[in-house]
């Protein structure tokens with residue numbers, strides 16, 4: 053199953069939000085959503101997502117804010133082997 057990974061810093065407080073959506077359907081569905089207070093917890097979760105869905109089935113939504121956050125972008129790249 054192809055999925056879309058969306059990761060961004062929380063806008064109204066501390067932490068990071070990450071969501072996994074179906075990407076093959078015309079009507080995307082939210083599969084998972086999680087809030088993290090630290091980068092280490094995000095990286096553990098990303099490793100699980102990569103294992104569950106397969107790294108080659110994950111597309112990252114490289115938003116402007118994610119691209120401009122070097123540390124977060126590096127964690128996402130490393131977590132799912134994305135470019």
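In our numbering, the protein residues as written are 53 to 135. Glycine residues also receive a C-beta, built at the ideal position from the N, C-alpha and C atoms.
Rounded separation between residue i and residue j - CA only
i	j	result
residue 88	residue 82	17 Å
residue 103	residue 56	15 Å
residue 111	residue 99	14 Å
residue 130	residue 92	12 Å
residue 65	residue 76	32 Å
residue 122	residue 105	25 Å
residue 94	residue 68	8 Å
8 Å contact criterion, which residue i and residue j should meet: CB distance rounded
i	j	result
residue 107	residue 79	At roughly 25 Å, the Cβ-Cβ gap does not stay under 8 Å, so residue 107 and residue 79 are not in contact.
Check whether residue i and residue j have beta carbons under 8 Å apart
i	j	result
residue 164	residue 73	Because residue 164 is not part of the residues shown, which for the chain are 53 to 135, the question remains open.
residue 119	residue 125	yes
residue 109	residue 71	no
residue 115	residue 60	yes
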